[in-house]
RNA sequence: GCGAGCGUAGCCAAGUGGUUACGGCAGUGGAUUGUGGUUCCACCAUUCGCGGGUUCGACUCCCGUCGUUCGCCCCA
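In UniProt numbering, the protein residues as written are 1 to 423.
This is the structure:
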């Protein structure tokens, strides 16, 4: 219909049928993160545009062409957050969480917004769960966050995932390597794909993860980033690898892994699924030692990741793990003025006593109400009619066997849990 | 932002220029006015995403538009 209002392009409804998957992911994440002493933080969904420009980097595509920005009524430039790290770090600085001393372990979940063409595994409003460890430069922090991510994905039963890691070193290493790379690539300039030719001056590191076949061949033989790390950066990277191995977390080195956000330093990693389409990165993250200072806080090392929930849900649905079935105890059918009035009271009493009860509101023939009782998945059906209303009883019918018994309301309330157990 | 495919009911779908749009699932009502899961019957698109054009005639052909899917860019 042309006149009905539809959801905005790139947004979608998560209907009750699907929401069980989301709850499962959130519950699993809460448990795993809680055990590792991460604390939840909730930050606003929109921020000053300047936060993202400064935090993510003006040259990145996210800031350049993907932000949902607008002027508010006070003529301030506002942006719907395209990712979670900038807001979390802003909150860390603004609320002086660094003053608490030690390491702050934070996690968040919620919607993010990027103005992109929707496709498989990519929406304009999408959801992430993310973690940030602020205040530790120890390679153990890098490995801890990676281990938590793999734990989470594993607990959800996901398979065919692989972990790629790389190190982009510190700021100086990055600069040095950038020069080496440009020197290597310049002779091949004409053979690179048009996008990469463009990036040669703007953002040469990104050429490494081009999808163009010829560019890939050229990039494959490029000097390796990790051969140009300082002694200290190299040691950090080696320690990360060693600890991953000690933890039994398998990974592959990928010198072409370059993440799109400017703030990454040292470790960069992605967890990629073989069971998704072109947008196959389920989890991406790394170290960002310069960001807290960049956003006005003390010089604070940090590392984190974000998991894309839509992609995760697609994978969970592929596993065909049936969504949790109805856990309804009673389906209450009623017919007749007194009985219908009683039905509401009885339903309420049962719920207060801890049972789940669905009340049939249709007032239609008993046979129709029974059909719905059957479909509801309830364990038993409770029947209130004129007869029951007259003598304050209720019929209890077991839907699986069809057997039926008469009870007073009080009897039902006092023996229901026993009955349900012994059915 | 670029390229390609698709749009017939809540879902799956046949029809591919000739007049009242095949069918299935789901749903609703009834057979059965107090008893479900089976069965049977009936109902369920004045209309084929929307707008315009071609034609005596358009769901069917053309253009536009919106949505959607897949890919690119980029990323979770």
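The C-beta atom is built at its ideal place from N, Cα and C for all residues, glycine as well.
- Inclusion of residue 290 and residue 268 in the CB contact set at 8 Å is not warranted, their separation being larger than that value.
- The Cβ neighbour count for residue 77, taken over all protein chains shown within 10 Å, is under 16; the residue is labelled exposed.
- Residue environment: residue 390 is assigned as exposed (fewer than 16 neighbouring CB atoms within 10 Å of its CB, all protein chains considered).
- Taking a contact to require three or more Cβ pairs closer than 8 Å, the region 133-149 and the region 90-103 qualify as touching.
- Excluding its 5 nearest sequence neighbours in each direction, residue 295 has C-beta neighbours in its own chain below 7 Å: 54, 55, 89, 90 and 93, listed in chain order.
- In the DSSP assignment, residue 146 falls outside any beta strand (DSSP E) and within the unbroken alpha helix (DSSP H) covering 139-155.
- In this structure, the beta-carbon distance from residue 288 to residue 264 falls below 8 Å.
- According to the DSSP assignment, residue 334 belongs to the beta strand (DSSP E) that extends over 330-334.
- It is roughly 35 Å from the alpha-carbon of residue 215 to the alpha-carbon of residue 246.
- Collapsing the DSSP output to three states places residue 69 in a strand.
- Following the DSSP letters along the chain, one finds residue 282 inside the beta strand (DSSP E) bounded by residues 281-287.
- In the structure shown, residue 11 adopts coil according to DSSP, grouped into three states.
- Shown here, residue 255 sits in coil according to DSSP, grouped into three states, outside any helix or strand.
- Sorting 43, 145, 394 and 167 by C-alpha distance to the C-alpha of residue 233 places 167 at the top.
- Here residue 192 is not near residue 165, since their CB atoms are 8 Å or more apart.
- Note on the region 27-111: whole alpha helix (DSSP H) runs with a minimum of 4 residues are 49-56, 61-65 and 85-94, in chain order.
- For residue 161, the enclosing beta strand (DSSP E) starts and ends at 161-167.
- Burial is judged here by how many other beta carbons sit within 10 angstroms of a residue's own beta carbon; residue 74 has fewer than 16 and is exposed.
- Along the length of the region 383-411, whole alpha helix (DSSP H) runs at least 4 residues long occupy 386-391, reported in chain order.
- Counting the other CB atoms within 10 Å of its CB gives residue 350 a total of 16 or more, which places it among the buried residues.
- With contact defined as three or more Cβ pairs closer than 8 Å, the region 151-166 and the region 274-284 are in contact.
- Taking C-beta atoms under 8 Å as the contact rule, residue 266 and residue 170 qualify, at a distance of about 7 Å.
- As the crow flies, the alpha-carbon of residue 22 is around 33 Å from that of residue 422.
- Contact between the region 333-349 and the region 379-387 is established, with three or more Cβ pairs separated by less than 8 Å.
- According to the DSSP assignment, residue 267 belongs to the beta strand (DSSP E) that extends over 265-273.
- Per the C-alpha coordinates, the member of 400, 229, 125 and 28 positioned closest to residue 172 is 229.
- If you draw a straight line from the Cα of residue 317 to the Cα of residue 17, it comes to about 11 Å.
- An exposed status is given to residue 70, since fewer than 16 other beta-carbon atoms sit within 10 Å of its beta-carbon.
- Assigned with DSSP and collapsed to three states, residue 122 falls in strand.
- Apart from the 5 residues on each side of it in sequence, residue 36 sits with its Cβ closer than 8 Å to the Cβ of 105, 144 and 148 in its chain, given in chain order.
- Contact annotation, residue 262 with residue 57: C-beta distance approximately 3 Å; criterion of less than 8 Å satisfied.
- Counting C-beta atoms within 10 angstroms of its own C-beta, residue 342 has 16 or more neighbours from the protein chains shown and is therefore classed as buried.
- Three or more beta-carbon pairs drawn from the region 128-138 and the region 294-314 are found closer than 8 Å, and the two stretches are therefore classed as touching.
- In the structure shown, the three-state DSSP call for residue 359 is strand.
- Counting of Cβ neighbours within 10 angstroms places residue 196 among the buried residues, the total reaching 16 or more.
- Rounded to whole angstroms, the separation of the alpha carbons of residue 64 and residue 116 is 12 Å.
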